[in-house]
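Protein chains in written order, with our numbering: chain C, 322 to 553; chain P, 2 to 486; chain S, 132 to 266; chain W, 6 to 303; chain D, 43 to 684. We put the CB at the ideal spot given by N, CA and C, even for glycine. Just below is one structure, and these are the notes that go with it.
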Amino acid sequence: MKGYGHTAATLLFLTGLGILLIAILQALPFGLAPMQVGQAIVAAAPGDTGADNIVTAILLGYRGLDTLGEVTILFVAAAAAGMVLGGASRGGAQAENAGFILHSAAYLLFPFLLVLGAYIVLHGHLTPGGGFQGGAILAAAFFVPVLASPASPFNHRTAMLVEGFAGAAFIMIGLVSLVGSDAFLTPFFGKGEAGALFSAGSLPLLYLAIGLKVGSELAGLMARVSGAEAGA
Amino acid sequence: MNTVPQIIFPVAIPLIAAFLLPIAGRCHAGFGRIFGRAAVLVTFLASALLAWQVAGAGPASSAMGGFKAPLGIVFYADNLAMAFVLLLNIGVWLFWPSGDEDRSGPYTLLLTLLGGGAGLVLSGDLFNIFVFYEIVAVASYGLAASGGSAAGFGASLRYLLLSALGSSLALMGIALVYAAAGTLNLADLALLAPDVLRGPPGAAAFLLLLIGFGVKAELFPVNSWVPEIYASAPVRVTSLLAGIVSKLALIVILRFLVLVFPMPSAYGLLLTLGILGVLAGELAAYRARDLNSTFAWSSIAQLGVIAIAFSIPGPAGIAAGIALALHHAVVKPAFFFIADKWRGDVKLLSGGARTSPLVAALFVLLSLSIIGIPPLPGFWAKYLLLDAAFSSSPAYWLAAAVVLAGAVVEGAYLFRAAGFFYGGPQKGRGAALFMPGELVPAFVLGAVLLVAMFAIAPLGAYITSMAVQAADVPAIAAQILLGGN
Amino acid sequence: MSTGAVLYAGAIGLFLIGCYAMVAERHLIRNILGLVLVESGVNLLLVAVGFRENAAAPILKAGQSAGMMVDPLPQALVLTAIVIGFGVLALALALVVRVHQAYGTLDTREVARLMRVEREASGPGAAGPRAGAKS
Amino acid sequence: MMSYVADFIFMPLIAFVTGLGLVLMARRVRAKIERRVGPPVLQPIYDIVKLYAKKTQISHGIMHDLSIMMLLGGFITAEIFLPVPGFDGLAGEGDLITLIYIMMVPMLGLALGVGSCANPNGSIGISRALTAMLAYDIPFIIAVTGACMAYGTTNLIEIVQIQQAGGPASWGAATMPLLAFGGLLAVHGMMGKEPFEIYIAPAEIATGPMVEMSGKYMGALFIMQCFQLYTIGVIYTTLFLGGGENWPFFLAKVFAVVFISVAVTNVYGRFKTDTMIRWMWKWPTGIALAGLALVMAN
Amino acid sequence: MSLLLRRRFFWEEIDLMSLLDILLLVAALLASGLFVLGRGSFAGWLATVVYGLMLAVLAIAGLALDSGVAFIPSAMSFEILGRNLGWRLDGLGWFFALLTVGAAFFASWYGSGEWGRKQKRMGLQHALLALNVLAMLLLLSSGDLLSLFIGWELVSWAAFAIMTQGGGPAVAAAYRYMIYALAGAMAVFAAIMLVQNVTGGLGFADLQTAISAMSTAQVWVLFILFAAGFGVKMALMPFHLWQAPAYSETPGASSAFLNAVSARMGLFALILVLVKLTGLEALGSLAIPFTFMSAKSALMWVAAITMVVPTFIALMQTDARMLLTWHGIGQGGYMLLGVLVGTSLGTAGGLMHVFNYATYQAALFLAVTAVIHRAGTSDLDELGGLITRMPWTYVTLLMGIIGLAGLPPMNGFVSKWMIYKSLLDGGQPLLLIMAFAATLGTILSVYKLIHNIFLGQLRREHQHLKEAPVSMVLPMLILAGIGFVTGFMPGLALNITDIAQRAIGGDMLPHHLGGVTLATGSLNMLWVVGVLIGAIGAGALIFYLLGNRRYEVHQFDNYAGGHFLSADIRYHFSHEFYPGLARVIGPWYRGSIVRAEQGIGILVNVAGDLWQAVFRVAYTPLYMLLVVVLGLVFTGSWGIVP
């Protein structure tokens, strides 16, 4: 009845849209798009930033502001979610500890997750991965115990502190570079030799700040959602 | 050719303040509010300083991270951008939530909104504009839900879904542009566009970007969220969204139109959406029953008018659009403040003028200005629009006719409401008695309108010079590509 | 089918499935999942744009010069887009929780109807200061 | 100025005397049709003198008296503006349109007077009289317009000269037969004769406007009737029958016009007000419009 | 020809520049002053005195204009958005300004007397009246199209403000007026922008160059926009529905002002734009294909229909004020018709009719307000026999209706005679016949007005009614007196209209104190009125000398077919006054235009509901999808077809 008419119409539109998109993409040459900026960056990245991982060079160097924006979005989303869920009833039944396996594994898993997360964050400029990916793993590290024993409340205070200071650190680094070479977010501290842990100037610092911020934010967010879920 | 590193301050200061605010809020309850207000004040001063510099020495640009134009991101500030940054700062300051809530949530969102909005207008890079647009979008989802009412959550969720889908379409548009042109810097694109973006991919890219950014700019098909959000969100958020943030999105669309897609199909698309927006807004507002939804529809219509203005090629259209945008930014929030105090069916407000004559008088003044009655600035904005519309192709004559017919319908429903205020015995529960504090922003805006009435000539000259500067593509391209060291 | 056609088809396929889920489905969670699918489709398209035939990943192997590399810029953009997607998703889920608590249902049409009923009911009656539940 | 004094005095007197003659003629014709002898020659004067000699003169207020003065004054002014052989009067100062409107002053005066008598029959009579005026005036005005368009002037003296230039062939009736005929039907209505006299017919509502008039008021109305017959007759002759080149011929034409109307009146019954309007707006108006079209054609 | 008191004295020395400035300054000060201290009872008298002062200033300006000065420039001019706005007063503007200030003078004098004291917010009404005068002066002295439009808007909104003072039904009528006025204003705005698009400027000269530079289609659009826009305020036929209820619901004194002058602003603008700037021959050359009519004749036919139909609608009204306002609409048709004939006689007739109309319409409205003040109602079925109680009001109403009907002793006759004469000489018989028919209709309906109010039986509740107070009767009588004096010596009024006619251009009308002497028939009111008064004197002599002494009888001493009259049975014929006519004309009143207006209202409602339904759908993302598909098709096709 009404529902089917509606789905039929949607399907019709979608096929139409698909055909049109395919037609447009045919016009764009696949695989031989003019890599004008990409080629220039690949050539200049090692010289400018000294980072092996060119994607990180772009993320923190050439398009540092994008990353700042990205971090802000995460921060805003977390703050908004916190505000939205702030009202949810905190109480709710105290669920007993999750099953034996999860409980014991959680504490076993915690150190490994921490080491892995830290490694990925610190080697962001060398190997694939970086602040965001590492941060996610760190967040998982802190969240698993909460899953394991919902009774023990997640320490939101410290998470919020870490989050705030890490974000502020990121911008401070940018502003400091502004003082140095009159352009926001310019990499400084020299480039160091390629491939070494302490190379690519201030990029690792930025990635460290991002890692901490993302870690604390996501952990806090997931804790609050699960708290709200329990309460609902 | 001046490069001004402080160009980043309007973006950086609010963001750093937003990050630190929860901490400040945690350690001392009252301090959170004061810290927030102080941050806005500092940003305003920085932006004012920058605006003064730009007005003096001409448009400034600065490459982020010191990387030359096509590679890195370049910020570009001209009079148009600075005007809207200042408008945003003043708006946030004026609509700062009243101090009763102690939670730091709305304050952080407002600060990020401030930073994101400034970045949106200043940035000269396509993807960077998308990121700042997302910041503004997420902040506005949060603020829309900050009312705490069930309807607020439902409305902002539906708005989130719609806007997120729009953003993905915009991202697809950016992908198409990048696939075609290989670069993301607006100035670079401006130089490449004539030969690369002319065909269907270019037109499709503009359409996707237009729909993506159109959600926030309340363009016709994608503004179905407007009535729900403005009905349920707190009044200060509504006035901020309706009055200022929607204008920023339109300015971004204008940037795309002027720099990257100066094609007849692009202008035609924006014109059709604008005309449909005016029709939809005015007619729906005529049938709305309570004041708040009336003004929600009418803001759709007004933004349709601004979209029509921007769709007129050449500096005249831009000048008209800016004038209309500034005027709407002053009038609409005041309307929402009045509507917030007089919720419910219009008929119940009869006799309102007796209990609060000043507010009724302000309502009439605002209605006269928004319809476009001569001595008031609204008329001069509409005059600029018609001047631009009539001097271009006949399609715009139709648009001008629609705008004029829209003004008549607008006059009809606004003065129907005014009729209730001034006429009729006071049968409903008495119109709300106003605590002076609550309506201060509305009266401030009314005063600004009156002052602007006398300062039309200088304002007009300033706006036309701003428009000429914004339409001068080669100069912008030169400033961004070469100026940024 | 050249790799390009497969990639583009995959991206657009994901996008269309996501769109269907967002538009036709009545369950809020399915809508949000549709949104995720749409975003992943667009991200895939963005990455596919930077693809080069037989080119290496944009990581320099310990000091040797850059060979024929894939375009790194879209990959950076995608990283940012993914994080943005995640942020919006988190907020969406938070809102879904609250909507469920408030209206008890997750059917979009039902929620829309309840909201309209509430606004009409609150309209004429509550002509005083806003009646919304102030938390 | 002095040359006009003679006109001021004689023109109304001539009008009054001719009017008496016309009234006498009307009564005699009616008597002949009803096969009876008819009143003596001076009967109209006897009536007027009898009415003025009445002891009780009932008045209904100052406006009632004023209306009598307006009545007589209006017609006297109209006579002065109406050129007759020998006396041009003030025709040079006021043209045909002025004359038509001066004729409306006594009608308005009568209406005000009857209104102030506070008798509903009177008011009903006046409402019917005004409706009748609306009915017959439209064809009359079409005829007048057509004539003026044909002659190219509204100055009555020149109209008469134009018609007399070529003898009877250049009379209005000759050059514009349809207009003349339409005008005649309208003039018949103006005189308030039989088919159109519902508003003053005794049998209808106690003589309508005259219900409260008695004594010298009724006398004044009798005088008005004389003036009315004379004025309408003279206007018609001036417009369509070549006006007065010499007295006997002029009087013959005036008596002929009134005779046609009087002859017709005694044969017909009486129209109701709305049928009168429909008849007047159908036949005379149609004919006059056709005449006007002819005039405009050449 | 010489003006009233032709002495060459000090006006050369006065710096002409400041005359218009003084006028505008005084008007502005009065308006703001009254808003501030409007409460006091002296406010009314103060306003009257100031209006008198303004009349004096205008008189001096008239002397200057009469001696050949083209216009009186004003120091006030702005340069906004590349357009300069200037104000200057030319003959045409001066003529209408004189009427405006004159009508305001009498209205405020009337309002400051006892009538004013009984009003709720008389102070506000005085202030709004002053605001209206200021707005009208700004409109009348506009120097270019933009200041004309600004003045136009100010006038329509000031009129809206003064209309809402009546409360209740007045607000609804004012709301309806506002929608009409707004639509008209937007049409004018579009027209002005069209002119600026063609010539790049907004001065009056630009309009003239634009007319010649435009294609006929554009000139047609311009003509229709200007005629419709200004026609709304003048209540030309299709846009006339709002005027009667709006002007009759306004409280007494201000409604007299509105009726006398406010609707004529539309005529001023029409004359200024269509007659003076565009020129009648240009309008005449705009032929309507397939017919032998041109734009000018089309507008004349509209004016003619506006003359006839409202008059016969007025005939059917049962409320005195509605009857008069419907006549106001009808009289507007006369003025426009006169001006459009094109001959100097026609223009002079049209302009003089504006002057005459202002005098007797104001007097009539003040008289009806006096009746309302005393008897409490203006419903013609509730009144009767007031002549014995309110004689002076009766005299004013009598002189007013004679003027309105256009009968000899009063000035209304002179201007109507000139309009008829110009129609006759201009070869327009059908229009002349319609004019005559309208005059006949007016005579019928004004008699109904005076009969139902003053003549017939006096009702029991009105036995102890007193005459209206002196402060109300005096202005009425003076207005009626002006009507009689300008009727007796039309030369005075014609001298004033000369100044306006000289400003319009075209040849002047040779006239003398008594009227007009033309080859094809002349009018000398000195003789006509003199002889009429003499003859009435003779009638009086006949009445008083011959026959016995008259004595009055009581109202109930009446012939009633043997029935004894008493106070409790109603013995007064006023309801459905013209039954015969009603049976014939009745079916013609189908109210087709009213239904058309409601039709538009319903259309907007349905469209509004449709658009709202579009937004209420739950699946908002579907729209986005829809638009993307349509957009891609649109852009795709565009791309393929370069």
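Discussion item. Since T82/W and L574/D should fall inside the 8 Å C-beta cutoff, what is the C-beta to C-beta distance between them, to a whole number of angstroms?
Written reply: 5 Å
Worksheet item: Just how far apart, CA to CA, sit G483/D and A178/W?
Response: 29 Å
Discussion item. Check whether the segment 517-529 of chain C and the segment 443-453 of chain C are in contact - that is, three or more C-beta pairs closer than 8 Å.
Written reply: yes
Discussion item. Residues of chain D with CB closer than 7 Å to the CB of M199/S, please, in chain order.
Written reply: Simply none; closest approach about 33 Å.
Worksheet item: Which of the three DSSP states, helix, strand or coil, is assigned to T184/P?
Response: coil
Practice prompt. Give me the Cβ distance between A321/P and A389/P, rounded to the nearest whole Å; I'm assuming they're in contact under 8 Å.
Written response: 5 Å
Discussion item. Threshold first: 3 residues or longer. Then list the beta strand (DSSP E) segments lying entirely within the segment 255-287 of chain W, N to C.
Written reply: none
Discussion item. Helix, strand or coil for F526/D? Go by DSSP, reduced to three states.
Written reply: helix
Discussion item. Output needed for A414/C: all residues of its chain with C-beta closer than 6 Å, excluding positions within five of it in sequence on either side, in chain order.
Written reply: Unreliable positioning characterises A414/C in this predicted model, as indicated by a pLDDT of 48, which lies under 50. A coordinate reading is not provided.
Item to complete: Evaluate F380/P with the Cβ neighbour count: other Cβ atoms within 10 Å of its Cβ, from every protein chain shown; 16 or more gives buried, anything less gives exposed.
Response: buried
Discussion item. Between G143/P and chain S, is the shortest Cβ-Cβ distance under 8 Å, so that the two count as touching?
Written reply: yes
Practice prompt. Taking F137/D and I538/D to be in contact with their CB atoms under 8 Å, please state how far apart those CB atoms are, rounded to whole angstroms.
Written response: 6 Å
Item to complete: Measure the CB-CB distance between I9/P and S63/P and report whether it falls below 8 Å.
Response: yes
Worksheet entry | As assigned by DSSP and simplified to three states, the class of D100/W | coil
Worksheet item: Counting Cβ pairs, one atom from each stretch, are 3 or more of them under 8 Å apart for the segment 260-267 of chain D and the segment 181-196 of chain D?
Response: no
Fill in: Cβ separation of V504/D and A417/D, assumed to be a contact under 8 Å, to the nearest whole Å
Rather than Val, the amino acid found at residue 504/D in this sequence is His. Right, their Cβ atoms sit about 6 Å apart.
Worksheet item: Using a C-beta cutoff of 8 Å, does T331/C count as contacting chain D?
Response: yes
Discussion item. Please report whether the beta-carbon of G218/S lies at a distance below 8 Å from any beta-carbon of chain P.
Written reply: yes
Fill in: Three-state class that DSSP yields for A12/P in the structure shown
It should be noted that the sequence gives Val, not Ala, for residue 12/P. If DSSP states are grouped into helix, strand and coil, V12/P belongs with the helices.
Worksheet item: How long is the line joining the alpha carbons of L46/D and T559/D, rounded to whole angstroms?
Response: Caution applies to L46/D, whose pLDDT of 43 falls short of 50 and renders its modelled position unreliable; the model cannot decide the point.
Discussion item. Suppose you measure from the CA of I340/C to the CA of V236/P; what does that come to, to the nearest Å?
Written reply: 44 Å
Item to complete: Decide yes or no for the touch test of the segment 183-193 of chain P against the segment 255-266 of chain P: beta carbon pairs closer than 8 Å, at least 3 of them.
Response: yes
Worksheet item: Hey, would you say the C-beta of T367/D is under 7 Å away from at least one heavy atom of the ligand NAD?
Response: Ligands are entirely absent from the displayed structure, and the ligand NAD is therefore not among its contents.
Worksheet item: Between K534/C and V392/C, what straight-line distance do the alpha-carbon atoms span, to the nearest angstrom?
Response: 8 Å
Item to complete: Please name the residue in F310/D, I627/D, S487/D, M256/D whose C-alpha comes closest to that of F361/D.
Response: Inspection of the sequence shows that residue 361/D is occupied by Asp rather than by Phe. D361/D has its Cα closest to that of S487/D, out of F310/D, I627/D, S487/D, M256/D.
Worksheet item: Count the other CB atoms within 10 Å of the CB of W630/D; is the residue buried (16 or more) or exposed (fewer)?
Response: exposed
Worksheet item: Can you tell me where the alpha helix (DSSP H) with D651/D in it begins and where it stops?
Response: 634-658
Worksheet item: Mind pulling the chain D residues with CB within less than 8 Å of V173/S?
Response: None at all; the shortest Cβ gap to chain D is about 13 Å.
Worksheet item: Taking the alpha-carbon positions, what's the A152/S to V169/S distance?
Response: 9 Å
Worksheet item: What separation, rounded to the nearest whole angstrom, lies between the Cα atoms of P289/W and L190/W?
Response: 6 Å
Worksheet entry | Inter-residue CB distance, G374/D and A305/D (contact presumed, cutoff 8 Å) | 6 Å
Discussion item. Applying the 10 Å Cβ sphere with the 16-neighbour rule, what's the burial state of S312/P?
Written reply: buried
Worksheet entry | S370/P: first and last residue of the uninterrupted alpha helix (DSSP H) it sits in | 358-372
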